[in-house]
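A.B. asks: Per the working numbering, the sequence shown starts with residue 1, numbered consecutively.
All C-beta atoms in this analysis are idealised placements derived from N, C-alpha and C, irrespective of residue type, glycine included.
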Amino acid sequence: MPDGTGARIIAVVGPTAAGKSALGVRLALALGGEVINADSMQLYRGMDIGTAKLTAEERQGVPHHLLDVWDVRQTANVAGYQCLAQAAIDDVAARGRVPILVGGSGLYIRGALGDLNFPGTDPAVRERLEAELATGGPAALHDRLAWLDPVAAMAILPSNGRRIVRALEVIEISGRPFTATLPAYAPSRAAVQVGVRVPRDELDRRITARVDAMWAAGFEDEVWRLERDGLRDGRTASRALGYAQLLRYLAGEWTLSRARDETIRATRRFARRQESWFRRDPRITWLDAATITDAGVVDDLAEAARAVIAR
Numbered sequence: 001m002p003d004g005t006g007a008r009i010i011a012v013v014g015p016t017a018a019g020k021s022a023l024g025v026r027l028a029l030a031l032g033g034e035v036i037n038a039d040s041m042q043l044y045r046g047m048d049i050g051t052a053k054l055t056a057e058e059r060q061g062v063p064h065h066l067l068d069v070w071d072v073r074q075t076a077n078v079a080g081y082q083c084l085a086q087a088a089i090d091d092v093a094a095r096g097r098v099p100i101l102v103g104g105s106g107l108y109i110r111g112a113l114g115d116l117n118f119p120g121t122d123p124a125v126r127e128r129l130e131a132e133l134a135t136g137g138p139a140a141l142h143d144r145l146a147w148l149d150p151v152a153a154m155a156i157l158p159s160n161g162r163r164i165v166r167a168l169e170v171i172e173i174s175g176r177p178f179t180a181t182l183p184a185y186a187p188s189r190a191a192v193q194v195g196v197r198v199p200r201d202e203l204d205r206r207i208t209a210r211v212d213a214m215w216a217a218g219f220e221d222e223v224w225r226l227e228r229d230g231l232r233d234g235r236t237a238s239r240a241l242g243y244a245q246l247l248r249y250l251a252g253e254w255t256l257s258r259a260r261d262e263t264i265r266a267t268r269r270f271a272r273r274q275e276s277w278f279r280r281d282p283r284i285t286w287l288d289a290a291t292i293t294d295a296g297v298v299d300d301l302a303e304a305a306r307a308v309i310a311r
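(1) Using beta-carbon positions only, say whether residue 100 and residue 33 come within less than 8 Å of one another.
(2) Since I believe residue 286 is in contact with residue 195 (beta carbons under 8 Å), could you give me their beta-carbon distance rounded to a whole number of angstroms?
(3) Could you tell me how far apart the beta carbons of residue 202 and residue 15 are, in whole angstroms, since I believe they sit closer than 8 Å?
(4) Count the other C-beta atoms from every protein chain shown that fall within 10 angstroms of the C-beta of residue 82, then say buried if there are 16 or more, exposed otherwise.
(5) Using 8 Å as the threshold, is the C-beta distance between residue 103 and residue 243 below it?
(6) Just to confirm before moving on: does the CB-CB distance between residue 10 and residue 85 stay below 8 Å?
(7) Which complete beta strand (DSSP E) runs does the stretch 23 to 90 hold, if anything under 3 residues is left out?
(8) Just reading off the alpha helix (DSSP H) that residue 170 is part of, what are its end residues?
(9) Out of 107, 161, 106, which has the shortest C-alpha to C-alpha gap to residue 131?
(10) Closest by CA to residue 17, which one among 42, 79, 97, 268?
(11) When you compare only the Cα positions, how much space is there between residue 229 and residue 72?
(12) In this structure, does DSSP put residue 285 in helix, strand or coil?
(13) Using three-state DSSP, classify residue 195 as helix, strand or coil.
(14) Check whether the stretch 203 to 215 touches the stretch 150 to 161, taking contact to mean three or more Cβ pairs, one atom from each stretch, closer than 8 Å.
(15) Taking the straight line between their C-alpha atoms, what separation do you get for residue 254 and residue 172?
(16) In whole angstroms, what separates the C-alpha of residue 187 from that of residue 165?
(17) Kindly give me the distance between the Cβ atoms of residue 292 and residue 23, rounded to whole angstroms, as I take these residues to be in contact under 8 Å.
(18) Kindly say whether residue 270, judged by its beta-carbon, lies nearer than 8 Å to any beta-carbon of chain B.
(19) Are the stretch 217 to 232 and the stretch 52 to 64 touching by the rule of at least three beta carbon pairs closer than 8 Å?
(20) Determine the DSSP secondary structure at residue 107, reduced to helix, strand or coil.
(21) In whole angstroms, what separates the C-alpha of residue 305 from that of residue 42?
(22) Since residue 15 is in the beta strand (DSSP E), which residue starts that stretch and which ends it?
(23) Have a look at the DSSP bridge pairing and note the partners of residue 100.
(24) Let's see if you can read the secondary structure: which residues bound the alpha helix (DSSP H) around residue 136?
(25) Along the alpha helix (DSSP H) that carries residue 231, what are the first and last residues, could you check?
(26) In whole angstroms, what separates the C-alpha of residue 65 from that of residue 88?
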């Protein structure tokens with residue numbers, strides 16, 4: 001399997017609605033790069049409006065990789081993504097281009113950078129935990145995870161039963177917190193990691209504006225279509241922010257207004273978890289979101305990236 005260690009990588013990370021995608025495109029244009037998606041939900045075909053996937057026009061001719069890879073019924077897998085991402089990184093670098101990772105999925109970023117070696121599995125432990133999930137739902141298991149490994153619980157959505165089960169399985173198998181099985185942050189990696197930081201009030205405003213824009217762009221119709229394509233059967237895609245809430249509306253459980261409000265609340269909570277996850281990584285250089293549209297700031301960032309790439 002390609003390991004990506006020979007490639008000089010740029011990673012643009014941070015919370016949802018911070019402006020990562022636009023910055024990734026600007027860096028790609030400045031550096032002769034290509035974007036590799038590290039947003040777990042943008043890998044799904046047809047999940048466009050709800051994941052804020054850039055349109056062809058917004059990509060400005062920059063090639064984007066690992067978009068629209070999976071069917072909505074497929075279960076996401078970090079190890080599987082790691083293989084795809086490292087192969088894409090090697091392919092981009094082999095053609096003399098700069099791989100630019102863009103996304104807010106912390107484990108996916110670390111997997112793409114080669115930071116993860118996945119512990120084994122125990123079928124008996126997995127079966128028992130999945131039975132608990134089936135009978136009691138994810139909330140109780142997430143509470144257990146929060147007690148055993150608060151850091152992991154902050155990074156995993158309380159509704160994501162599959163990832164909660166995996167974290168608890170690793171804890172039981174290894175006897176250590178799930179986050180203890182992740183390698184330490186390595187400052188010597190050949191990567192420039194840039195985080196986009198947004199003040200809390202401004203981020204909340206951006207999230208509300210994004211959700212309203214999703215609704216105005218026909219998000220309800222998108223979810224209707226994906227439901228016909230098997231969205232409810234997807235263990236990962238059906239729990240995506242916005243999609244999970246609209247599925248409850250389509251099932252008659254919520255009003256459309258409540259689905260919107262719950263999407264805003266859930267997205268804000270998720271953004272706070274993303275901030276907490278990335279804030280712990282000392283390799284990340286943080287930029288204020290208000291500055292990333294400044295041509296001078298992007299030029300300086302591109303110059304710093306070129307210095308790393310040239311090593």
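C.D. replies: On the basis of the supplied data:
(1) yes
(2) Under the criterion of beta carbons closer than 8 Å, residue 195 and residue 286 qualify as touching, at roughly 5 Å.
(3) That pair is no contact at about 11 Å.
(4) Counting every other CB atom within 10 Å of its CB across the protein chains shown gives residue 82 a total of 16 or more, marking it as buried.
(5) no
(6) no
(7) 33 to 37
(8) Residues 161 to 174.
(9) 161
(10) 268
(11) 8 Å
(12) strand
(13) It is a strand residue.
(14) no
(15) 37 Å
(16) Low local confidence applies: a pLDDT of 47 at residue 187 is under 50, so the model's placement there is unreliable, and no value is given.
(17) 5 Å
(18) The chain inventory of the structure shown lacks chain B, comprising one protein chain alone.
(19) no
(20) helix
(21) 25 Å
(22) Taken as a continuous stretch (DSSP letters only), residue 15 belongs to no beta strand (DSSP E), as it is neither H nor E.
(23) 10, 35
(24) 123 to 136
(25) Residue 231 -> no alpha helix (DSSP H), and no H or E assigned at all.
(26) 7 Å
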